[in-house]
Amino acid sequence: MEQATPRWWISPPGPDESLRSCLARAADLYKADPGELWVQLNADDPLPIGTIDAPSCAALLRLGDALGVPGASLRPNRLPDSPSQLAPHARMAICPACWLDDDAAERPRGYRRSWTHVLRTTCPIHHAPLIIPRDRFKPDLAAALAAQKALTDYDREILNMIESFGTALEASLFRGAPWPATWRSNPPSVRERLCEVSFSLGATRGPPLTANLSPTPALAGFVHGPRHYRELREADGWEGFRQLVDPCERRAALWIVAWHSIPGLDATLSPGWVDMPGLLNI
Ligand SMILES: [Zn+2]
1 MEQATPRWWI SPPGPDESLR SCLARAADLY KADPGELWVQ LNADDPLPIG
51 TIDAPSCAAL LRLGDALGVP GASLRPNRLP DSPSQLAPHA RMAICPACWL
101 DDDAAERPRG YRRSWTHVLR TTCPIHHAPL IIPRDRFKPD LAAALAAQKA
151 LTDYDREILN MIESFGTALE ASLFRGAPWP ATWRSNPPSV RERLCEVSFS
201 LGATRGPPLT ANLSPTPALA GFVHGPRHYR ELREADGWEG FRQLVDPCER
251 RAALWIVAWH SIPGLDATLS PGWVDMPGLL NI
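When the count follows UniProt numbering, it moves up by one through the sequence shown with no breaks and lands on 282 for the last residue.
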């Protein structure tokens, strides 16, 4: 006999919340592993169930039963995997202001689908840089907002340039939008450059090129490379880039490559000493 679907006593999805985020909330509540909870929910299904972000129709209905909402109402919360999105386990950046909005609305803090783009690192609601909280369970949101407030107009200008470049590159790479006529190179090559500056390539054991950025002190909290060797483990560079959890590192790569791709940028927008002969053949 088929077992009844368990009911998870958590709130239904918040605005733009991913299904993965809902599953994580249920796992936190029941002190369970999210993967096991997902398998358990679908244990009786002999057919492929998909993933939590892109479940089969039957699995989506089951998830609706577990959350106490119609399965069809969860469709907008799905997030099928795509090269334009971060790898599923890398979707950990948050917007502090969105979580304060969740608190004010007395709903659980949820991870939004709009925070999962590889090439975009800004909250579309608050236009603020996404961050990785030091402690996922007790993030210091006030300190995070204070760090955003400390950014100068100049810092914001750089963040805006990084976001605009990432947005244009995403549109060209994944939605067929034309590459701006005055920009150098082409979207696939620019994507390769992003990987090259983010990982330690060649014979050197030093950190990648993104470690050489020179941001202002306030901006350094939002844009920086790793200070250590970063190996590219995946055969495909983009798969490696999609796994860069920290938006600071992806911003660092976008800043360097934007500087080399957009002619005529003001010298004040320079990322500092980041050129290496022969590496950036843009
Ligand atoms: Zn936000």
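Ideal placement from N, C-alpha and C gives every residue a C-beta, glycine not left out.
**Prompt:** Whose C-alpha, out of 201, 81 and 43, is nearest the C-alpha of residue 53?
**Reply:** Taking the first residue of the sequence shown as 1, we reach residue 53 at position 53. The option with the nearest alpha carbon to residue 53 is 81.
**residue 163 in three-state terms, based on DSSP** = Translated into the one-based positions of the sequence shown, residue 163 becomes position 163. Helix.
**Q.** Delimiting residues of the alpha helix (DSSP H) encompassing residue 256
**A.** As a position in the sequence shown, residue 256 is number 256, starting the count at 1. 247-261 is the extent of the alpha helix (DSSP H) around residue 256.
Could you check where the alpha helix (DSSP H) with residue 64 kicks off and where it finishes? Here the question's residue 64 lines up with position 64 in the sequence shown. Residues 57-67.
Check your understanding: Nearest CA to the CA of residue 156: which residue from 67, 206 and 221?
Key -> Here residue 156 corresponds to residue number 156 of the sequence shown, with the count starting at 1. Residue 221 is the option with its Cα nearest to residue 156.
Report yes if the C-beta of residue 93 is less than 7 Å from at least one heavy atom of ligand 1; otherwise report no. Taking the first residue of the sequence shown as 1, we reach residue 93 at position 93. No, the Cβ of residue 93 stays beyond 7 Å of every heavy atom of ligand 1.
Q: For residue 85, write down the residues that DSSP places opposite it in a beta bridge.
A: For the purposes of this step, residue 85 is taken as residue 85 along the sequence shown, with counting starting at 1. Answer is 117.
Taking C-beta to C-beta, are residue 64 and residue 56 nearer than 8 Å? The sequence position of residue 64 within the sequence shown is 64, counting from 1. The sequence position of residue 56 within the sequence shown is 56, counting from 1. Not closer than 8 Å, so no.
Query raised in the report: Are the stretch 165-181 and the stretch 195-204 touching by the rule of at least three beta carbon pairs closer than 8 Å?
Result: no
message: Give me, in chain order, the residues of the same chain whose beta-carbon lies closer than 8 Å to that of residue 1; leave out the 5 immediate sequence neighbours on both sides.
response: Start at 1 with the first residue of the sequence shown, and residue 1 comes out as number 1. Its pLDDT being 46, under 50, residue 1 is placed unreliably by the model, and nothing is read from it.
Determine the burial state of residue 288: buried for a count of at least 16 other Cβ atoms within 10 Å of its Cβ, exposed for fewer. Outside the modelled stretch of the chain, which goes from 1 to 282, sits residue 288, for which no answer is possible.
Problem - The alpha helix (DSSP H) enclosing residue 38, as first and last residue numbers - result: Position 38 of the sequence shown, counted from the start, is the residue given in the question as residue 38. Unbroken alpha helix (DSSP H) run through residue 38: 34-41.
| query | Taking Cβ positions, are residue 114 and residue 16 nearer each other than 8 Å? | reply | The count along the sequence shown starts at 1 and reaches residue 114 at position 114. The count along the sequence shown starts at 1 and reaches residue 16 at position 16. Yes, the pair counts as a contact, with Cβ atoms nearer than the cut-off.
Quiz prompt | Alpha-carbon spacing of residue 268 relative to residue 14, whole angstroms | solution = As a working note, residue 268 is residue 268 in the sequence shown. As a working note, residue 14 is residue 14 in the sequence shown. Their backbone Cα atoms lie some 41 Å apart in a straight line.
(message) Which residue wins for smallest C-alpha separation from residue 129, given the options 108, 164, 103 and 107?
(response) Indexing the sequence shown from 1 puts residue 129 at position 129. Nearest of 108, 164, 103 and 107 to residue 129, Cα basis: 164.
Quiz item: Does ligand 1 have a heavy atom nearer than 7 Å to the CB of residue 97?
Solution: If you number the sequence shown from 1, residue 97 lands on position 97. Residue 97 has its CB nearer than 7 Å to a heavy atom of ligand 1.
Inset, instruction - Would you mind working out which of 78, 4 and 22 sits nearest residue 45, comparing C-alpha positions? - result: Taking the sequence shown and counting its residues from 1, the one referred to as residue 45 is at position 45. Of the listed residues, the one whose Cα sits closest to residue 45 is 4.
Given this structure, state the Cα-to-Cα distance separating residue 109 from residue 91, to the nearest angstrom. Sequence index remark: in the sequence shown, residue 109 carries index 109 (1-based). Sequence index remark: in the sequence shown, residue 91 carries index 91 (1-based). Going by the C-alpha atoms only, they are around 15 Å apart.
Residue 147: CB within 7 Å of a non-hydrogen atom of ligand 1: Mapped onto the sequence shown, residue 147 falls at position 147. Outside the cutoff, so no.
**Prompt:** Does the stretch 207-215 touch the stretch 245-257, meaning 3 or more C-beta pairs lie closer than 8 Å?
**Reply:** yes
Assuming contact is defined by CB atoms lying nearer than 8 Å, are residue 226 and residue 247 in contact in what I supplied? As a working mapping, residue 226 is identified with position 226 in the sequence shown. As a working mapping, residue 247 is identified with position 247 in the sequence shown. Going by C-beta atoms, residue 226 is not nearer than 8 Å to residue 247.
| field | One or two residues paired with residue 131 in a DSSP bridge | value | Here residue 131 is taken as the residue at index 131 of the sequence shown, counted from 1. Residue 131 pairs with 94.
Subject >> Three-state secondary structure assigned by DSSP to residue 268 >> reply: Within the sequence shown, the letter at position 268 stands for residue 268. Correct three-state label for residue 268: helix.
**Report entry** Beta-bridge pairing of residue 122 - partner residues as DSSP gives them
**Finding:** As a working mapping, residue 122 is identified with position 122 in the sequence shown. For residue 122, which the question treats as bridged, DSSP gives the partners 129.
> If you compare alpha carbons, which of 89, 6 and 23 is closest to residue 243?
Replying inline: As a first step, residue 243 is located in the sequence shown; it is residue number 243 there, counting from the start. Nearest of 89, 6 and 23 to residue 243, Cα basis: 89.
message = I want to check one thing, is the minimum distance from the CB of residue 126 to the heavy atoms of ligand 1 below 7 Å?
response = Translated into the one-based positions of the sequence shown, residue 126 becomes position 126. Checking every heavy atom of ligand 1 against the Cβ of residue 126, one is found closer than 7 Å.
*ligand 1 heavy atoms versus the CB of residue 57: any closer than 7 Å?*
Stepping through the sequence shown from its first residue, residue 57 is reached at position 57. No.
Distance CB(residue 77)-CB(residue 151) smaller than 8 Å: Residue mapping note: residue 77 aligns to position 77 of the sequence shown, counting from 1. Residue mapping note: residue 151 aligns to position 151 of the sequence shown, counting from 1. Cβ distance not < 8 Å, so residue 77 and residue 151 don't count as in contact.
Where do the N-terminal and C-terminal ends of the alpha helix (DSSP H) with residue 209 fall, by residue? Within the sequence shown, numbered from 1, the residue matching residue 209 stands at position 209. It is not in any alpha helix (DSSP H) - residue 209 carries neither H nor E in the DSSP assignment.
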